[in-house]
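K.L.:
Shown below is the structure under consideration.
Number of protein chains: 2
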Amino acid sequence: MEKKQRQLPDSCGLGPALAVIGGKWKALLLWQIHQAQPCRFGELKRLQPEISEKMLIQHLREMEADGIIHREVFHQVPPRVEYSVTPEGAELDLALAPLAEWGKKHQERTEKAKAGAARAARTAAEGAARG
Amino acid sequence: MEKKQRQLPDSCGLGPALAVIGGKWKALLLWQIHQAQPCRFGELKRLQPEISEKMLIQHLREMEADGIIHREVFHQVPPRVEYSVTPEGAELDLALAPLAEWGKKHQERTEKAKAGAARAARTAAEGAARG
DNA sequence: TAGGTACCTTACTTTTTTGTCTGTACTTGC
DNA sequence: GCAAGTACAGACAAAAAAGTAAGGTACCTA
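Residue numbers (our numbering), protein chains in the order written: chain E, 1 to 131; chain A, 1001 to 1131.
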């Protein structure tokens, strides 16, 4: 364990929660494992080709240590490892749903605002050209 | 704006949400502003002496840019600035509640597990001493 | 002229997180 | 022998986030 996680200040439980799900790919991984359960290391790699092997395994190990996913090794050749979410992980996934909802809404608002700003800029430019 | 935020992969809206609340102190700040609304810069500083002025203002500005808090300047001497949460920020706070709940539960479980492990270790040591 | 308050800004350093690359152990197939 | 496939491990470097320290404004008091 070479982990010295960034100390998050605790505001009513949010600190620990963000410590668990805060990594760059963790939420995505939890969600994907929850969908495709049980799934293998290579499967996750294929599902998310952007993530490097090192980060994938690092996040998987941390999530396992945090008790939100389960890792099962089958002593075969070639090796086979399956990941699944624990009940605790499933709860976390559920708790994450409202946040995801908010994120989606926020994204839409942001895009609309950007489009609006672009339109306003265009209109202003036209006005300036006429004036 | 000198911001080049860490690009979070989008898993169904969680990416944008974590981008907004992911900073070390942001959740705490949102929560505190929501409690003590409206509150001044110096007030926040006193409420959370751990956070440096730089991070405080940086996070406040980012949260303002993300539209979750509102900043109002009163041109007085000495200067007076008040922060409050926007409706969007209030929604986010609400969406964060289940996550905070989970975090609290997770923390309790973790502590219990640690205590259990310590107890087991003690018992094992006693057993070994007897054996 | 110096010091105090409130709210920042900037330059610079440290810490943390993420990414790249190489290597392991084993088997199958050519 | 060599490549390919599986599931990793570890060294090192780049990038991002956070922290430190100092200064700046604008006005007031002594």
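The beta carbon of each residue, even a glycine, is placed where N, CA and C say it ideally should be.
Should the segment 1102-1112 of chain A be regarded as contacting the segment 111-119 of chain E, the criterion being three or more beta carbon pairs within less than 8 Å?
P.N.:
No, they do not touch.
K.L.:
Interface residues of chain E around Gly1022 of chain A at Cβ under 9 Å?
P.N.:
Here residue 1022 of chain A is taken as the residue at index 22 of the second sequence, counted from 1. Residues of chain E passing the Cβ test: Leu18, Gly22.
K.L.:
Just mark Val147 of chain E as buried or exposed, buried being the case when its beta carbon has 16 or more other beta carbons within 10 Å.
P.N.:
Nothing about residue 147 of chain E can be read from this structure; chain E reaches only from 1 to 131.
K.L.:
How about Glu2 of chain E: is its C-beta nearer than 7 Å to some C-beta of chain A?
P.N.:
Position 2 of the first sequence, counted from the start, is the residue given in the question as residue 2 of chain E. Any reading at Glu2 of chain E must be qualified, since the residue scores a pLDDT of 38, below 50, and its modelled position is unreliable; no value is offered.
K.L.:
So what's His1147 of chain A in DSSP terms, helix, strand or just coil?
P.N.:
Given a span of 1001 to 1131 for chain A in the structure shown, any question on residue 1147 of chain A remains unanswerable.
K.L.:
Give a yes or no on whether the minimum CB-CB distance between Gln1058 of chain A and chain E is below 7 Å.
P.N.:
The residue labelled residue 1058 of chain A in the question sits at position 58 within the second sequence. So no, Gln1058 of chain A is outside the interface.
K.L.:
For the segment 1088-1095 of chain A against the segment 1040-1058 of chain A, do three or more pairs of beta-carbon atoms, one drawn from each stretch, fall closer than 8 Å, so that the two count as touching?
P.N.:
With a cut-off of 8 Å, the segment 1040-1058 of chain A and the segment 1088-1095 of chain A do not count as touching, because too few Cβ pairs lie within range.
K.L.:
Using the rule of at least 16 other Cβ atoms within 10 Å of the residue's Cβ for burial, across every protein chain shown, is Ala1100 of chain A buried or exposed?
P.N.:
By 1-based counting over the second sequence, the position of residue 1100 of chain A is 100. Ala1100 of chain A is buried by the Cβ-count criterion.
K.L.:
Note down, in chain order, every chain A residue with its Cβ under 8 Å from the Cβ of Lys104 of chain E.
P.N.:
Walking along the first sequence from the start, residue 104 of chain E turns up at place 104. Chain A residues near Lys104 of chain E: Cys1012, Gly1013, Pro1016.
K.L.:
Assuming contact is defined by CB atoms lying nearer than 7 Å, are Glu82 of chain E and Ile68 of chain E in contact in what I supplied?
P.N.:
Translated into the one-based positions of the first sequence, residue 82 of chain E becomes position 82. Translated into the one-based positions of the first sequence, residue 68 of chain E becomes position 68. Contact flag unset, no.
K.L.:
As a quick exercise: from A:Arg1046, A:Lys1045, A:Pro1009, pick the residue whose alpha carbon is nearest that of Trp31 of chain E.
P.N.:
As a working mapping, residue 31 of chain E is identified with position 31 in the first sequence. The shortest Cα separation from Trp31 of chain E among A:Arg1046, A:Lys1045, A:Pro1009 belongs to A:Pro1009.
K.L.:
Contact criterion: CB-CB distance below 7 Å. Does Gln1107 of chain A meet it with respect to chain E?
P.N.:
Here residue 1107 of chain A corresponds to residue number 107 of the second sequence, with the count starting at 1. Interface residue, yes.
K.L.:
If I measure Cβ to Cβ from Leu14 of chain E and keep anything under 7 Å in the same chain, skipping five residues before and after, which residues do I get?
P.N.:
In the first sequence, counting from the first residue as 1, residue 14 of chain E sits at position 14. Once the five neighbours on either side are set aside, Leu14 of chain E has no close Cβ partner at all.
K.L.:
Please tell me whether Ser11 of chain E and Ala1027 of chain A are closer than 7 Å, where the distance is taken between their beta carbons.
P.N.:
Along the first sequence, one-based indexing puts residue 11 of chain E at 11. Along the second sequence, one-based indexing puts residue 1027 of chain A at 27. Yes, they are a contact pair.
K.L.:
Hey, would you say Gly1023 of chain A sits closer than 7 Å to His1070 of chain A, going by beta carbons?
P.N.:
Position 23 of the second sequence, counting from 1, holds the residue named residue 1023 of chain A. Position 70 of the second sequence, counting from 1, holds the residue named residue 1070 of chain A. No, these two residues do not count as a Cβ contact at 7 Å.
K.L.:
Would you mind sorting Ala118 of chain E into buried or exposed? The rule is 16 or more other CB atoms within 10 Å of its CB.
P.N.:
Taking the first sequence and counting its residues from 1, one reaches residue 118 of chain E at position 118. Exposed, since its Cβ has fewer than 16 Cβ neighbours within 10 Å.
K.L.:
For Met63 of chain E, which residues of its own chain have a beta-carbon under 8 Å away from its beta-carbon, when the five flanking residues on both sides are left out?
P.N.:
Within the first sequence, the letter at position 63 stands for residue 63 of chain E. The residues are Val20, Lys26, Leu29, Leu30, Ile69, Gly89.
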